[in-house]
Amino acid sequence: MVRMLSAGIYSFLPLGYKVIKKISQIIREEMDAIGGQEFHLPGLNPREIWEETNRVEAFGDTMFHIKNREYILAPTHEEIMTFHARNVLKSYKDLPQIWYQIQTKFRNEARPRSGVIRGRQFLMKDSYSFDATGEELDKSYSLHDKAYRNIFDRCDLKYFVVGASSGAMGGTGSEEFMVKSDAGEDTVAYCEHCGYAANVEVAQSKIQSKKRDENTLELNEISTPNVKSIDELCLFLKIDETECAKSRVYIYDDKPVLILMCGNDEVNEIKLEKVLGGKIRPAHIEELKKITGAEAGSIGPIGFKGRIIIDDRLKEANNLYSGANKNDFHIGGIDLKRDLKDPEYFDLRIVKSGEGCPNCDENLEVFSAIELGHIFKLGTKYSAAMGANFLDESGKENPIIMGSYGIGVERVMACYIEQHHDENGIIWDNTLAPFQVQLISLNMKKPEVVEASEKIYDDLTSNGITVLFDDRIDAQAGFKFKDADLLGMPLQVIVGEKKLKDKKVEVKIRKSGERFDVDLSDLLGKVKELIK
RNA sequence: CGGGGCGUAGCGUAGCCCGGUUCAUCGCGCCUGCUUUGGGAGCAGGAGGUCGUAGGUUCGAAUCCUACCGCCCCGACCA
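Take a look at the structure:
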């Protein structure tokens, strides 16, 4: 179906390419249905046009540059579409527009991986909407949302939608269409029950906070030789991990910030950056000693000079254990209310599988997923930068309001196969199958078998049915059966010597494994009925 | 870009540490002939390799050294 030529670069062989064409066709139909117009744009672009939006620098090393001319290979097409828009979309009367293309994109990925999932060259459908007002943009956006659902439904993919907070594209709204897969590069939290889905970077969950004990103990220093991790501490003191406050030190704005987490909870650095309002980095090992006087494993809030931020789960907790800022010592009886002045509380933790869904209380599942499609509202980022303006009803000049919407075409194929296979191979549904029927001729050395097979091939194909004919002369029956199951066409028609004597052939349904004999005279009708 | 691994026939591999008539191994595939033919056949014969590339060390290099190229894995990065 597909063969690698080089890292991240794949050739599509005839079978695989047929599938790609079928997927493209479904996308095309749904895009046309919402008023989209298809373009064919160059992959080779003058560098100049990308300088207008400063994206040569923004893409950096992921953009391919041509060596012997000032050209680049397009990693996406916002600039080119905007270029055409500014030449023709001059009036509010020209709007709205939806323009799309299904074409090859080039990205110099540092590390291509997971086969066709992340390549240096890949097929992408991308469309761009051009609107006069925010309300019109909302309309274009929801049209795409609907079209995307139709496309993925028609491809029979089990997917879910993540409402991502606007990413680096600087938009006001966006949704990602995701499919669960171990090959995925994103980690999401998903609730099967209510459909809550969020990237783990922003996901929340319902989880019990540490309750405040009635009696507050005094601070007490405990000798804990060689105890570094929370697990070791729990074992050593025979306490539960929820009684421990784990410390992490980050550097923000050149100053150390101490983060306290409950037990083995992990710090979600994205959430923390949001709280602090800028880039952070974990403190280096040498810095830790200087800042706290102790090494990692013995750090704690008591005596820490600097800002302290605490996860919500520890809100106003007492009787906690944490590091003593002195190697091999911990402190017990910590009361965050009593012992710290002005502690700040935020949700900072990375959610884990099995925790409560923030919407409906059912259990969340955390897993890897592949992004199949992404729709977002761009606003005027590109139109403003490139001077794509229109005149509104009052004759005033405004930048066109844009949206951008992508689908990874190869990813659709990869995800389909991942969701529709068994131990014997692929199970194609008629919609995406490269061929509808695989015709298996069991013994190509017998003239009567050859003759019957060829007649069936002609009958089926002349009736518009697509047939892959396994006419290998020396391949044995077993080979042909295994290969047919592996390739996975929906129907197999098996022509063998014995059944032919009774003017019968066998038909097998790949999906169910069901097989039965059919009279030669009834075959065409039966096949037509089964591939509906 | 950092760390690790690998490159020997179409594919998968042995040999490399310890250079030399066990040095180019084995399996699959491929070609010819005969037999076999409903879930990956049997017998007989046969073709196929500048050992990634370029230098170097040596009487002698798949084997040791250097550089480069390519691929795989882990990490960083990822509109």
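Following our numbering, the numbering of the first sequence begins with 159 at its first residue and continues without gaps. Note that beta-carbon positions come from the ideal geometry of N, C-alpha and C, so glycine has one too. These figures come from a predicted structure and were not determined experimentally.
* Asked: Expressed to the nearest angstrom, what Euclidean distance is found between the alpha-carbon atoms of Cys-518 and Leu-644?
  -> 42 angstroms
* In whole angstroms, what separates the C-alpha of Ser-679 from that of Val-685? -> 12 angstroms
* Pairing CB atoms from the stretch 496-506 with CB atoms from the stretch 315-322, are three or more of them under 8 angstroms? -> no
* Short Cβ contact (8 angstroms threshold) for Gln-255 with Leu-247 -> Contact flag set, yes.
* Skipping 5 residues on each side, what residues in its chain have a beta carbon closer than 7 angstroms to that of Pro-557? -> Thr-538, Ser-541, Ala-542, Ala-546 and Asn-547
* Asked: How about the stretch 601-620 and the stretch 664-674: do they share at least three Cβ pairs that are nearer than 8 angstroms?
  -> no
* Please go through the same chain and pick out, in chain order, the residues whose beta-carbon is closer than 6 angstroms to the beta-carbon of Gly-328, but skip the five residues on each side of it. => At Gly-328, the pLDDT of 40 sits below 50, so the modelled position is not reliable; the number obtained from the coordinates is stated separately. The residues are Lys-539.
* **Residues near Lys-603 by beta carbon distance below 8 angstroms, same chain, minus five either side** => Ile-631.
* **Contact under 8 angstroms by Cβ, Cys-515 with Cys-392** => Between Cys-515 and Cys-392, the CB-CB gap reaches or exceeds 8 angstroms.
* Asked: If you draw a straight line from the alpha carbon of Leu-199 to that of Asp-587, how long is it in whole angstroms?
  -> 32 angstroms
* **Test item: CB-CB of Arg-668 and Leu-649 under 8 angstroms** => Contact: yes.
* Asked: Do the CB positions of Leu-530 and Gly-561 come within less than 8 angstroms of each other?
  -> No, the pair does not count as a contact, with Cβ atoms beyond the cut-off.
* Evaluate the contact criterion for the stretch 412-429 versus the stretch 468-485: three or more CB pairs, one atom per stretch, below 8 angstroms. => Taking 8 angstroms as the limit for Cβ pairs, the verdict is that the stretch 468-485 does touch the stretch 412-429.
* **Separation of Ile-533 from Ser-324, as counted between CA atoms** => With a pLDDT of 37 at Ser-324, under the threshold of 50, the predicted position of this residue should be treated as unreliable, and no value is reported.
* Asked: Going by the CB atoms, is the gap between Ala-527 and Leu-478 shorter than 8 angstroms?
  -> no
* Asked: Is there contact between the stretch 427-441 and the stretch 404-414, where contact requires at least three CB pairs shorter than 8 angstroms?
  -> yes
* Option nearest Leu-163 by Cα separation, candidates Ala-243, Glu-215 and Pro-270 -> Ranking Ala-243, Glu-215 and Pro-270 by Cα distance to Leu-163 puts Pro-270 first.
* Taking all protein chains shown into account, decide if Glu-334 is buried (16 or more other Cβ within 10 angstroms of its Cβ) or exposed. => buried
* Asked: Beta carbon of Glu-529: closer than 7 angstroms to some heavy atom of the ligand PLP?
  -> Questions concerning the ligand PLP fall outside what the structure shown contains, since it holds no ligand whatsoever.
* Under 7 angstroms Cβ to Cβ from Ile-275, same chain only, skipping five residues before and after it: list those, please. => Ala-341, Ile-528, Arg-569 and Ala-572
* To do: Would you tell me roughly how many angstroms separate the C-alpha atoms of Gln-594 and Val-160, rounded to the nearest one?
  => 19 angstroms
* With 16 as the cutoff for other CB atoms within 10 Å, does Phe-310 come out buried or exposed? -> buried
* Any idea which residues DSSP pairs Gln-596 with across the strands? -> According to DSSP, which records beta bridges pairwise, Gln-596 is partnered with Leu-626 and Gln-650.
* For Thr-382, the first and last residue of its enclosing alpha helix (DSSP H) -> Neither: Thr-382 is in no alpha helix (DSSP H) and is coded neither H nor E.
* Check Cys-392 in the structure and name its three-state DSSP category. => helix
* Asked: beta strand (DSSP E) containing Gln-255: first to last residue?
  -> 255-264
* Asked: Which residues mark the beginning and the end of the alpha helix (DSSP H) in which Pro-172 is found?
  -> The continuous alpha helix (DSSP H) containing Pro-172 extends over residues 172-191.
* Asked: Got a sec, what are the start and stop residues for the alpha helix (DSSP H) Asp-289 sits in?
  -> In the DSSP annotation of this structure, Asp-289 is not part of any alpha helix (DSSP H); the continuous beta strand (DSSP E) holding it starts and ends at 279-289.
* To do: For Ala-243, count neighbouring C-beta atoms within 10 Å of its own C-beta (all shown protein chains included) and say buried if the count is 16 or more, exposed if not.
  => Buried, since its Cβ has 16 or more Cβ neighbours within 10 Å.
* The beta strand (DSSP E) enclosing Gly-194, as first and last residue numbers -> 194-196
* How about Ile-598 and Asp-617: are their beta carbons less than 8 angstroms apart? -> no
* With DSSP run on the structure shown, which of helix, strand or coil describes Ile-207? -> helix
* **First and last residue of the uninterrupted beta strand (DSSP E) at Ala-403** => 403-410
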